[in-house]
Amino acid sequence: MGLNEKPLSTLHEKASYDLADFDVPAGREEAWRFTPLARLKGLHDGKAVPGGHVRVDVDAAPEVTVETVGRDDPRLGQVYVPADRVSAQAYTAFEKATVLTVPREAVASRPTVVTLTGAGDGAAYGHLLVQVEPMAEAVVVLDHKGSAVYADNVEFAVGDGATLRVVSLQDWDDDAVHVSHHHARLGKDATFRSFAVTLGGDLVRLSPSVSYDAPGGDADLLGVYFVDAGQHLEHRLLVDHSQPNCKSNVDYRGALQGQDAHAVWIGDVIIRVEAEGTDTYELNRNLILTDGARADSVPNLEILTGEVAGAGHASASGRLDDEHLFYLQARGIPYDEARRLVIRGFLGQLVEKIQIEEIRERVMAALEAELSR
Numbered sequence: 079m080g081l082n083e084k085p086l087s088t089l090h091e092k093a094s095y096d097l098a099d100f101d102v103p104a105g106r107e108e109a110w111r112f113t114p115l116a117r118l119k120g121l122h123d124g125k126a127v128p129g130g131h132v133r134v135d136v137d138a139a140p141e142v143t144v145e146t147v148g149r150d151d152p153r154l155g156q157v158y159v160p161a162d163r164v165s166a167q168a169y170t171a172f173e174k175a176t177v178l179t180v181p182r183e184a185v186a187s188r189p190t191v192v193t194l195t196g197a198g199d200g201a202a203y204g205h206l207l208v209q210v211e212p213m214a215e216a217v218v219v220l221d222h223k224g225s226a227v228y229a230d231n232v233e234f235a236v237g238d239g240a241t242l243r244v245v246s247l248q249d250w251d252d253d254a255v256h257v258s259h260h261h262a263r264l265g266k267d268a269t270f271r272s273f274a275v276t277l278g279g280d281l282v283r284l285s286p287s288v289s290y291d292a293p294g295g296d297a298d299l300l301g302v303y304f305v306d307a308g309q310h311l312e313h314r315l316l317v318d319h320s321q322p323n324c325k326s327n328v329d330y331r332g333a334l335q336g337q338d339a340h341a342v343w344i345g346d347v348i349i350r351v352e353a354e355g356t357d358t359y360e361l362n363r364n365l366i367l368t369d370g371a372r373a374d375s376v377p378n379l380e381i382l383t384g385e386v387a388g389a390g391h392a393s394a395s396g397r398l399d400d401e402h403l404f405y406l407q408a409r410g411i412p413y414d415e416a417r418r419l420v421i422r423g424f425l426g427q428l429v430e431k432i433q434i435e436e437i438r439e440r441v442m443a444a445l446e447a448e449l450s451r
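All residue numbers for the sequence shown refer to this note's numbering, where the first residue is 79 and numbers rise by one.
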């Protein structure tokens, strides 16, 4: 058995398209114990008031096909089966889905940007499928903004030898509630790079997950978040290694400031018996900038084979390093500026890995605005 108290496989074994297969969360379940259910506005128990709307606009690269399809499209749900009640609710309730397809061996000449804009007081549901066919390459940006009570599922099908890079921006208005599952399924020698930036919203719960269909898959899951007073930002990751000789790397970093700012990071990695040669590592680090903020960080690793190339995890939450601040102040830098420099460097190490210059500059500007408060 792995390093966690109970096998991870028992925490993730339930999957169904049928909402009735999931009990209404009470808050004591392992998957829900950190989430303030009362702030989900009914997304978890069927009491959400309908009437909200999230508009989906796609600015696609010329090589990418964009379709709007109905629930009966057979491609939907082939990559990901809902694993909790809110995910199943979203799958049951969405009316139209967006499908992006990158043809075989095509290399997208520019990023495809999917902008999701919330409006209205009621709940809304959505579904997105991104198909990258064998040997193709693409970059997709998911930009969430506006006000919404929104639950959705996002499927990434990455074919053999294909490469997909995804940047997901959660830049909602202060009152938004967003619960989302992102699942990537990787073919043989496929590459998946994901970067999540979570800044806005009242409550955001994002669950990225990865599975492998064949050997040689390589997944990189990075994330940055900044939590302000009263915000609840939660990231729950799962990497399921079920094929030999695959890789995964997870690195999420966050900063928190203000009363009742709450960050939750759960990182689950399963290395199954057949996944010999797996190389995996996961890391989460949090900077707590003020009193009254709280970070919960739980890395879990279950290893069911002794033949691994590497497997590890680490988690740390704490205050700013006084030695770093003293070093800068001793060189004439005022305390407030020294503080910003340390935080900027801590988060900027990851932000610099965003390969789209426009998005990278936008994220750094948003972080600067957070630090200036």
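Glycine residues also receive a C-beta, built at the ideal position from the N, C-alpha and C atoms.
Q. Quick one: what does DSSP say Leu121 is sitting in, helix, strand or coil?
A. Here residue 121 refers to the residue found at position 43 of the sequence shown. Correct three-state label for Leu121: coil.
Q) If you draw a straight line from the alpha carbon of Ser289 to that of Tyr158, how long is it in whole angstroms? A) Walking along the sequence shown from the start, residue 289 turns up at place 211. Walking along the sequence shown from the start, residue 158 turns up at place 80. About 10 Å.
Q: Indicate whether the contact test is met: 3 or more Cβ pairs, each with one atom in the segment 143-150 and one in the segment 212-232, closer than 8 Å.
A: no
Q) Quick one: is Lys325 buried, meaning 16 or more other Cβ sit within 10 Å of its Cβ, or exposed? A) Here residue 325 refers to the residue found at position 247 when the sequence shown is read from its first residue. Under this definition Lys325 is a buried residue.
Q.
At the level of alpha carbons, what is the spacing between Tyr169 and Leu178?
A. If you number the sequence shown from 1, residue 169 lands on position 91. If you number the sequence shown from 1, residue 178 lands on position 100. Straight-line Cα distance between these residues: approximately 18 Å.
**Q.** Same chain, Cβ closer than 6 Å to Ala394, five either side skipped, listed in chain order
**A.** Against the sequence shown, residue 394 aligns to sequence position 316. Only Arg363 meet the Cβ criterion.
Q. Would you report the Cα separation of Gln427 and Lys119, rounded to the nearest angstrom?
A. The count along the sequence shown starts at 1 and reaches residue 427 at position 349. The count along the sequence shown starts at 1 and reaches residue 119 at position 41. The alpha-carbon atoms of Gln427 and Lys119 are separated by roughly 35 Å.
Q: Excluding the 5 residues preceding and the 5 following Lys266 in the sequence, name in chain order all residues of the same chain whose CB lies nearer than 8 Å to its CB.
A: Position 188 of the sequence shown, counted from the start, is the residue given in the question as residue 266. Answer for Lys266: Asp238, Gly239, Asp291, Ala292, Pro293, Gly294 and Gly295, listed in chain order.
Q: Just the C-alpha distance for Asn378 and Ala443, rounded to the nearest angstrom, thanks.
A: To locate residue 378, count along the sequence shown from 1; it is residue 300. To locate residue 443, count along the sequence shown from 1; it is residue 365. Asn378 and Ala443: Cα-Cα distance of roughly 33 Å.
Q) What is the rounded straight-line gap between the Cα of Thr143 and the Cα of Ala186? A) One-based indexing of the sequence shown puts residue 143 at position 65. One-based indexing of the sequence shown puts residue 186 at position 108. Near 11 Å, if we compare the C-alpha coordinates of Ala186 and Thr143.
Q) Where Arg133 and His222 are concerned, what is the direct C-alpha to C-alpha distance, given to the nearest angstrom? A) Indexing the sequence shown from 1 puts residue 133 at position 55. Indexing the sequence shown from 1 puts residue 222 at position 144. Here the alpha carbon of Arg133 sits roughly 10 Å from the alpha carbon of His222.
Q: Rounded to whole angstroms, what's the CA-CA distance from His340 to Ala333? Just pull it up for me.
A: On the sequence shown, position 262 is the one that residue 340 refers to. On the sequence shown, position 255 is the one that residue 333 refers to. Between His340 and Ala333, the C-alpha separation is close to 10 Å.
Q | Opening and closing residue of the alpha helix (DSSP H) in which Gln167 lies | A | As a first step, residue 167 must be located in the sequence shown, where it is residue number 89. Unbroken alpha helix (DSSP H) run through Gln167: Arg163 to Ala171.
Q: Compute the Euclidean distance between the alpha carbons of Ala408 and Ala416, then round it to the nearest angstrom.
A: Position 330 of the sequence shown holds residue 408. Position 338 of the sequence shown holds residue 416. For Ala408 and Ala416, the distance between alpha carbons rounds to 10 Å.
Q. Of the residues Ile366, Ala93 and Val219, which one's Cα is nearest the Cα of Ala274?
A. Locating residue 274 in the sequence shown gives position 196, where the first residue counts as 1. The shortest C-alpha separation from Ala274 is found at Val219.
Q) Looking at the unbroken alpha helix (DSSP H) that takes in Ile437, where does it start and where does it end? A) The residue labelled residue 437 in the question sits at position 359 within the sequence shown. Here the alpha helix (DSSP H) through Ile437 covers Glu435 to Leu449.
Q: Measure the C-alpha to C-alpha separation of Ala175 and Asp135 and round it to an integer number of angstroms.
A: The residue labelled residue 175 in the question sits at position 97 within the sequence shown. The residue labelled residue 135 in the question sits at position 57 within the sequence shown. About 12 Å.
Q: Please classify Arg133: does DSSP put it in a helix, a strand, or coil?
A: The residue you call residue 133 lines up with position 55 of the sequence shown. If DSSP states are grouped into helix, strand and coil, Arg133 belongs with the strands.
Q: Count the C-beta pairs between the segment 340-355 and the segment 295-313 that are closer than 8 Å, then say yes if the count reaches three, no if not.
A: A contact exists between the segment 340-355 and the segment 295-313.
(Q) Going by C-alpha to C-alpha distance, which of Gly370, Ile348 and Asp414 sits closest to Leu315? (A) Taking the first residue of the sequence shown as position 1, residue 315 is located at position 237. Looking at the Cα atoms, Ile348 is the closest of the given residues.
Q | Coarse secondary structure for Ala229, derived from DSSP in three states | A | Start at 1 with the first residue of the sequence shown, and residue 229 comes out as number 151. Three-state result, Ala229: strand.
Q: Note down, in chain order, each residue of its chain lying with its Cβ closer than 7 Å to the Cβ of Val128, except the 5 sequence neighbours on either side.
A: To locate residue 128, count along the sequence shown from 1; it is residue 50. In the sequence as presented, Val is not what sits at residue 128; that position holds Pro. Here the set comprises Gly200 and Ala201.
Q. According to the neighbour-count rule (16 or more other Cβ atoms, all chains shown, within 10 Å of its Cβ), is Asp318 buried or exposed?
A. Taking the first residue of the sequence shown as 1, we reach residue 318 at position 240. By the 10 Å Cβ count, Asp318 comes out buried.
Q: Report yes if the C-beta distance between Val244 and Arg263 is below 9 Å; otherwise report no.
A: In the sequence shown, residue 244 corresponds to position 166, counting from 1. In the sequence shown, residue 263 corresponds to position 185, counting from 1. No, the Cβ-Cβ distance between Val244 and Arg263 is not below 9 Å.
Q) What number of angstroms, rounded off, separates the C-alpha of Leu97 from the C-alpha of Ser165? A) Here residue 97 corresponds to residue number 19 of the sequence shown, with the count starting at 1. Here residue 165 corresponds to residue number 87 of the sequence shown, with the count starting at 1. Each residue's alpha carbon lies about 9 Å from the other.
Q: Compare the Cα-Cα distances from Ser450 to each of Leu419, Arg438, Val217 and Ala389 and report the closest residue.
A: As a working mapping, residue 450 is identified with position 372 in the sequence shown. Ranking the options by Cα distance to Ser450, first place goes to Leu419.
Q. Apart from the five residues just before and just after Ala392, which ones in its own chain have a Cβ nearer than 6 Å to its Cβ?
A. For the purposes of this step, residue 392 is taken as residue 314 along the sequence shown, with counting starting at 1. Non-local C-beta neighbours of Ala392 in its own chain, meaning closer than 6 Å and more than five positions away in sequence, comprise Leu361, ordered along the chain.
**Q.** Ala161 to Ser287 span [Cα, whole Å]
**A.** As a working note, residue 161 is residue 83 in the sequence shown. As a working note, residue 287 is residue 209 in the sequence shown. Ala161 and Ser287: Cα-Cα distance of roughly 11 Å.
Q. How would you label Val208, buried or exposed, when you count the other beta carbons within 10 angstroms and need 16 or more for buried?
A. As a working mapping, residue 208 is identified with position 130 in the sequence shown. Val208 comes out buried.
(Q) Between the alpha carbons of Arg350 and Thr193, how many angstroms are there, rounded? (A) Counting from 1 along the sequence shown, the entry for residue 350 is found at position 272. Counting from 1 along the sequence shown, the entry for residue 193 is found at position 115. Looking at the two C-alpha atoms, the distance is approximately 37 Å.
**Q.** Alpha-carbon to alpha-carbon, Gly410 and Trp110
**A.** As a position in the sequence shown, residue 110 is number 32, starting the count at 1. As a position in the sequence shown, residue 410 is number 332, starting the count at 1. Those two C-alpha atoms are separated by around 47 Å.
Q: Specify, as a first and last residue, the run of the beta strand (DSSP E) that Asp374 falls within.
A: In the sequence shown, residue 374 corresponds to position 296, counting from 1. Arg372 to Ile381 is the span of the beta strand (DSSP E), which, as asked, contains Asp374.
Q: May I have the straight-line CA-CA distance separating Val257 from Arg372, to the nearest angstrom?
A: Here the question's residue 257 lines up with position 179 in the sequence shown. Here the question's residue 372 lines up with position 294 in the sequence shown. Distance between the alpha carbons of Val257 and Arg372 is about 20 Å.
Q | Limits of the unbroken beta strand (DSSP E) element including Trp343 | A | Position 265 of the sequence shown holds residue 343. Unbroken beta strand (DSSP E) run through Trp343: His340 to Ile349.
Q.
Would Val453 and Val302 qualify as a contact pair, given that the criterion is a beta-carbon distance under 9 Å?
A. The shown model of the chain, from 79 to 451, leaves out residue 453, and the question about it has no answer.
Q: Would you mind working out which of Ala93, Asp298 and Thr190 sits nearest Arg163, comparing C-alpha positions?
A: In the sequence shown, residue 163 corresponds to position 85, counting from 1. Per the Cα distances, Ala93.
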